[in-house]
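J.: Chains A and B supply the protein sequences, listed in that same order. Each residue of the first sequence is one higher than the one before, starting from 2 at the first, in our numbering. Each residue of the second sequence is one higher than the one before, starting from 2 at the first, in our numbering.
Protein chains: 2
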Amino acid sequence: MTGVLYLIPCPVSDETAISEVLPAANKDIADSLDYFIVENVRSARRFLSKTGISRPIDSLEFRELNEHTTSPAEIESLIAPLLAGRSAGVISEAGVPAVADPGSAVVELCHKRGIKVVPLVGPSSIILAVMASGQNGQSFAFNGYLPVKEPDRTRAIKRFEARALSENQSQVFIEAPYRNVKLFETILRSCHASTRITVATDLTSPSQFTVTRTAGEWGKVPMPDFAKRPTIFIIGK
Amino acid sequence: MTGVLYLIPCPVSDETAISEVLPAANKDIADSLDYFIVENVRSARRFLSKTGISRPIDSLEFRELNEHTTSPAEIESLIAPLLAGRSAGVISEAGVPAVADPGSAVVELCHKRGIKVVPLVGPSSIILAVMASGQNGQSFAFNGYLPVKEPDRTRAIKRFEARALSENQSQVFIEAPYRNVKLFETILRSCHASTRITVATDLTSPSQFTVTRTAGEWGKVPMPDFAKRPTIFIIGK
Numbered sequence: 002m003t004g005v006l007y008l009i010p011c012p013v014s015d016e017t018a019i020s021e022v023l024p025a026a027n028k029d030i031a032d033s034l035d036y037f038i039v040e041n042v043r044s045a046r047r048f049l050s051k052t053g054i055s056r057p058i059d060s061l062e063f064r065e066l067n068e069h070t071t072s073p074a075e076i077e078s079l080i081a082p083l084l085a086g087r088s089a090g091v092i093s094e095a096g097v098p099a100v101a102d103p104g105s106a107v108v109e110l111c112h113k114r115g116i117k118v119v120p121l122v123g124p125s126s127i128i129l130a131v132m133a134s135g136q137n138g139q140s141f142a143f144n145g146y147l148p149v150k151e152p153d154r155t156r157a158i159k160r161f162e163a164r165a166l167s168e169n170q171s172q173v174f175i176e177a178p179y180r181n182v183k184l185f186e187t188i189l190r191s192c193h194a195s196t197r198i199t200v201a202t203d204l205t206s207p208s209q210f211t212v213t214r215t216a217g218e219w220g221k222v223p224m225p226d227f228a229k230r231p232t233i234f235i236i237g238k
Numbered sequence: 002m003t004g005v006l007y008l009i010p011c012p013v014s015d016e017t018a019i020s021e022v023l024p025a026a027n028k029d030i031a032d033s034l035d036y037f038i039v040e041n042v043r044s045a046r047r048f049l050s051k052t053g054i055s056r057p058i059d060s061l062e063f064r065e066l067n068e069h070t071t072s073p074a075e076i077e078s079l080i081a082p083l084l085a086g087r088s089a090g091v092i093s094e095a096g097v098p099a100v101a102d103p104g105s106a107v108v109e110l111c112h113k114r115g116i117k118v119v120p121l122v123g124p125s126s127i128i129l130a131v132m133a134s135g136q137n138g139q140s141f142a143f144n145g146y147l148p149v150k151e152p153d154r155t156r157a158i159k160r161f162e163a164r165a166l167s168e169n170q171s172q173v174f175i176e177a178p179y180r181n182v183k184l185f186e187t188i189l190r191s192c193h194a195s196t197r198i199t200v201a202t203d204l205t206s207p208s209q210f211t212v213t214r215t216a217g218e219w220g221k222v223p224m225p226d227f228a229k230r231p232t233i234f235i236i237g238k
């Protein structure tokens, strides 16, 4: 029997208690495991200790999977314990593993090797933002990060807007928080006045806000207070 | 002061305990409310009673928002209590409100009227399927239901495949469970042998499975056992 790969979400905000964003049952799964494939060992240890698992953290085995893990042989070695019957948990730095982070490489290999994959429930800023946006939730696309340099950046925004308008598909994307203000200025400059723009900041934390206005309306009110705060952007019809 | 609109997820499977898929804190929010905007009153009452809220269910006010709620005046009347300072919870039939269900109309109006919207964490089959698929989670699109009739149906599948291949964007869609088998046959007939197809069935329930294979590999193994079971499909590169 091979082991099971559990995808274990963690909070997206440091100001949130575990019980606010994670089902109680996730702890029992984490507690049944002694092998973890993680984006960052330090934050995974901190998360597991906050979760209150009963095993001593030092008795657990951690292996890192992140942007430095690129060779197929390394990823193959990460799942060797699963082939030998040991189950594992995948934990990313924030939110749900394998969405907008490197975890999917190990999941992909598990499917090739016939290893069962079980995703657990937790906070995804993407889905929370779509829920709270009032934009179309019957059709939406997550596009990851925008290109950093111009003219690619403005071009990407215009392409998202064109697809949002022609297909009525909400276009979701993210940015490094310190670039939020500049990005938002570029969005307002690039989009039609009637295009709806959502800003969803600090999701799940007490300071959270999600606001949707047309680009024209945003131009008439003060800039949202989101400098250096984690934010999801959505362009919609 | 206006009230707050809380988006309250519920389980996606009848076989799942509340504590397996919902954070404990969601109950406290539900318990603070006496007004609910719901897709179906009967299932919302059942969910709230399963959640163990302390108020008698019969003391709560329920208003329905579903495919029959189409007039702007009706939606306006749903949020009148919020404008008067009363908070409300939105509950859909399964999973997270306002994604792949009618809830977003009321959220949209709340943004227009300056009412705060707060999304709570819960199970989204879409995000769980993307996590567990091993397909690209840096870029993915949810497309809702496919057209039912041919040739539109095959055309939609080929369009999803073309976008999955050219943009490396995973294409997620759903179908009424009794049509899963026929849909899967059409997918295998329509896609290239090397295109990866994910089937994610009964997510969050003990019987769940998520399997990704190329269309060519799927053709050589028995059909997955998903007849009449809730399933998410993903086409990817």
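Glycine included, each C-beta is placed from N, C-alpha and C at the ideal position. Please read these numbers as outputs of a predicted model, since none were measured by experiment.
#1: Taking a contact to mean a Cβ-Cβ separation below 8 Å, would you say A:Ile198 touches A:Ile127 in this structure?
#2: Pick out whichever of A:Ala85, A:Gly104, A:Pro207 and A:Arg154 has its Cα sitting closest to the Cα of A:Met2.
#3: Nearest to B:Thr187 by alpha carbon, out of B:Ser167, B:Val212, B:Asn169 and B:Asp153?
#4: Using a C-beta to C-beta distance shorter than 7 Å, which residues of chain A count as neighbours of B:Met132?
#5: Give the residues of chain A in contact with B:Pro24, contact being defined as C-beta atoms less than 7 Å apart.
#6: Find out if the Cβ-Cβ distance for the pair B:Leu204, B:Pro120 is shorter than 8 Å.
#7: Using the Cα positions of A:Arg114 and A:Thr213, report the straight-line distance between them to the nearest angstrom.
#8: Going by beta carbon distance, what residues of the same chain come within less than 8 Å of A:Asn137, once the five residues before and after it are set aside?
#9: Chain B beta carbons: is any one of them nearer than 8 Å to that of A:His112?
#10: Could you tell me whether any Cβ in chain B is nearer than 8 Å to the Cβ of A:Ser55?
#11: Just list the beta strand (DSSP E) runs in the stretch 157 to 203 of chain B, keeping only unbroken ones of 3 residues or longer that don't cross its boundaries, in chain order.
#12: With a 10 Å radius around its C-beta and 16 neighbouring C-beta atoms as the bar for buried, classify B:Thr69 as buried or exposed.
#13: Does the distance from the CB of B:Val5 to the CB of B:Leu66 come in under 8 Å?
#14: At a Cβ threshold of 8 Å, is A:Ser72 touching chain B?
#15: With a threshold of 8 Å between beta-carbons, can B:Phe129 be considered close to chain A, or not?
#16: Counting only beta-carbon atoms, is A:Ala142 nearer than 8 Å to chain B?
#17: So, helix, strand or coil for A:Pro120, using DSSP?
#18: Check for me: the alpha helix (DSSP H) holding B:Glu21 runs from which residue to which?
#19: Rounded C-beta distance between A:Thr1 and A:Ser206? I'm assuming under 8 Å.
#20: Please name the residue or residues paired with A:Val212 in a DSSP beta bridge.
#21: Spell out whether any CB of chain A is found under 8 Å from the CB atom of B:Thr215.
#22: Just list the residues that DSSP pairs B:Leu6 with in beta bridges.
#23: Give me, in chain order, the residues of the same chain whose beta-carbon lies closer than 6 Å to that of B:Val22; leave out the 5 immediate sequence neighbours on both sides.
#24: Given a cut-off of 8 Å on the beta-carbon distance, is the pair A:Ser134 and A:Ile235 in contact?
#25: Can you tell me the Cα-Cα spacing of B:Leu129 and B:Phe185, whole angstroms?
#26: Under 8 Å, CB to CB, which of the residues in the stretch 166 to 187 of chain A have a partner in chain B?
#27: In chain B, what lies closer than 8 Å to A:Thr3 by C-beta?
#28: Going along the chain, which residues of its own chain have a beta-carbon closer than 6 Å to the beta-carbon of A:Ile54, five neighbours each way excluded?
#29: Alpha carbon to alpha carbon, how far is A:Pro10 from A:Ala95? Give it in angstroms, no decimals.
#30: What are the complete beta strand (DSSP E) segments, minimum 3 residues, inside the stretch 20 to 80 of chain A?
#31: Against chain A, with Cβ distances strictly below 8 Å, would B:Asn256 count as a contact?
#32: Suppose you measure from the CA of A:Tyr146 to the CA of A:Glu176; what does that come to, to the nearest Å?
#33: Per the DSSP calculation, A:Cys11 is bridged to which residue(s)?
#34: Quick one: is A:Asp29 buried, meaning 16 or more other Cβ sit within 10 Å of its Cβ, or exposed?
#35: Can you pull the DSSP bridge partners for B:Thr155?
#36: Decide if A:Met132 is buried, meaning its Cβ has at least 16 other Cβ atoms within 10 Å, or exposed.
T.: This is what the structure holds:
#1: What you label residue 198 of chain A is simply residue 197 of the first sequence in a count that begins at 1. What you label residue 127 of chain A is simply residue 126 of the first sequence in a count that begins at 1. For A:Ile198 and A:Ile127, no; Cβs fall outside 8 Å.
#2: Your numbering for residue 2 of chain A matches position 1 in the first sequence. Nearest C-alpha to A:Met2: A:Ala85.
#3: As a first step, residue 187 of chain B must be located in the second sequence, where it is residue number 186. The candidate whose alpha carbon is nearest that of B:Thr187 is B:Asp153.
#4: Numbered from 1 along the second sequence, position 131 holds the residue referred to as residue 132 of chain B. Chain A residues near B:Met132: Leu8, Val97, Pro98, Ala99, Val100 and Pro120.
#5: Residue 24 of chain B sits at position 23 when you count from the first residue of the second sequence. Chain order gives the chain A residues near B:Pro24 as Ser20, Glu21, Val22, Leu23 and Pro24, where near means a beta carbon separation below 7 Å.
#6: Here residue 204 of chain B refers to the residue found at position 203 when the second sequence is read from its first residue. Here residue 120 of chain B refers to the residue found at position 119 when the second sequence is read from its first residue. No.
#7: Locating residue 114 of chain A in the first sequence gives position 113, counting from the first residue. Locating residue 213 of chain A in the first sequence gives position 212, counting from the first residue. Distance from the CA atom of A:Arg114 to the CA atom of A:Thr213, rounded to whole angstroms, is 44 Å.
#8: On the first sequence, position 136 is the one that residue 137 of chain A refers to. Within the same chain, A:Asn137 has close Cβ partners Asn169, Gln170, Ser171, Gly237 and Lys238.
#9: Within the first sequence, the letter at position 111 stands for residue 112 of chain A. Against chain B, the CB of A:His112 has a partner CB under 8 Å away; the residue lies at that interface.
#10: For this step, residue 55 of chain A is matched to residue 54 along the first sequence. With its beta carbon at least 8 Å from every one in chain B, A:Ser55 lies outside the interface.
#11: Counting only runs of 3 or more, we get 171 to 175 and 197 to 202.
#12: The residue labelled residue 69 of chain B in the question sits at position 68 within the second sequence. Contrary to the premise, residue 69 of chain B reads as His rather than Thr in this sequence. Burial state of B:His69 is exposed, judged by a 10 Å Cβ sphere holding fewer than 16 other Cβ atoms.
#13: Taking the first residue of the second sequence as position 1, residue 5 of chain B is located at position 4. Taking the first residue of the second sequence as position 1, residue 66 of chain B is located at position 65. No; because the gap between Cβ atoms is not below 8 Å, this pair is not in contact.
#14: The sequence position of residue 72 of chain A within the first sequence is 71, counting from 1. Judged by the 8 Å Cβ criterion, A:Ser72 is not in contact with chain B.
#15: For this step, residue 129 of chain B is matched to residue 128 along the second sequence. As written in the sequence, residue 129 of chain B is Leu, which differs from the Phe given in the question. Taking Cβ atoms only, chain A reaches closer than 8 Å to B:Leu129, which makes this a yes.
#16: Walking along the first sequence from the start, residue 142 of chain A turns up at place 141. Under the 8 Å criterion on CB atoms, A:Ala142 is classed as interfacial with respect to chain B.
#17: In the first sequence, the residue the question calls residue 120 of chain A occupies position 119. When secondary structure is reduced to three states using DSSP, A:Pro120 falls in the strand class.
#18: Taking the first residue of the second sequence as position 1, residue 21 of chain B is located at position 20. Residues Ile19 to Val22.
#19: Past the boundaries of the shown model lies residue 1 of chain A; chain A is included only from 2 to 238, so the question cannot be answered.
#20: In the first sequence, residue 212 of chain A corresponds to position 211, counting from 1. The partner list for A:Val212 (beta bridge, DSSP) reads A:Val200.
#21: Residue mapping note: residue 215 of chain B aligns to position 214 of the second sequence, counting from 1. No, its Cβ sits nowhere closer than 8 Å to a Cβ of chain A.
#22: Locating residue 6 of chain B in the second sequence gives position 5, counting from the first residue. In the DSSP assignment, B:Leu6 is bridged to B:Ala89 and B:Val118.
#23: As a first step, residue 22 of chain B is located in the second sequence; it is residue number 21 there, counting from the start. The answer, listed in chain order, is Pro12, Pro124 and Thr205.
#24: For the purposes of this step, residue 134 of chain A is identified with residue 133 of the first sequence, where counting begins at 1. For the purposes of this step, residue 235 of chain A is identified with residue 234 of the first sequence, where counting begins at 1. Cβ distance < 8 Å, so A:Ser134 and A:Ile235 count as in contact.
#25: Taking the second sequence and counting its residues from 1, one reaches residue 129 of chain B at position 128. Taking the second sequence and counting its residues from 1, one reaches residue 185 of chain B at position 184. The C-alpha of B:Leu129 lies about 20 Å from the C-alpha of B:Phe185.
#26: Within the stretch 166 to 187 of chain A, the qualifying residues are Gln170.
#27: Stepping through the first sequence from its first residue, residue 3 of chain A is reached at position 2. Chain B residues near A:Thr3: none, gap ~14 Å exceeds 8 Å.
#28: Against the first sequence, residue 54 of chain A aligns to sequence position 53. The answer, listed in chain order, is Ala31 and Asp32.
#29: In the first sequence, the residue the question calls residue 95 of chain A occupies position 94. In the first sequence, the residue the question calls residue 10 of chain A occupies position 9. The C-alpha of A:Ala95 lies about 7 Å from the C-alpha of A:Pro10.
#30: Under the rule that a run must span 3 or more residues, the beta strand (DSSP E) segments found entirely inside the stretch 20 to 80 of chain A read 36 to 39 and 62 to 65.
#31: The requested residue 256 of chain B is not part of the displayed model; chain B covers only 2 to 238.
#32: Here residue 146 of chain A corresponds to residue number 145 of the first sequence, with the count starting at 1. Here residue 176 of chain A corresponds to residue number 175 of the first sequence, with the count starting at 1. Computed Cα separation, rounded: 6 Å.
#33: The count along the first sequence starts at 1 and reaches residue 11 of chain A at position 10. BP columns for A:Cys11 point to A:Gly96.
#34: Position 28 of the first sequence, counted from the start, is the residue given in the question as residue 29 of chain A. By the C-beta density criterion, A:Asp29 is exposed, having fewer than 16 other C-beta atoms within 10 angstroms.
#35: Taking the first residue of the second sequence as 1, we reach residue 155 of chain B at position 154. In the DSSP assignment, B:Thr155 is bridged to no other residue.
#36: The residue given as residue 132 of chain A occupies position 131 in the first sequence. In this structure A:Met132 is buried. Its beta-carbon is surrounded by 16 or more other beta-carbon atoms within 10 angstroms.
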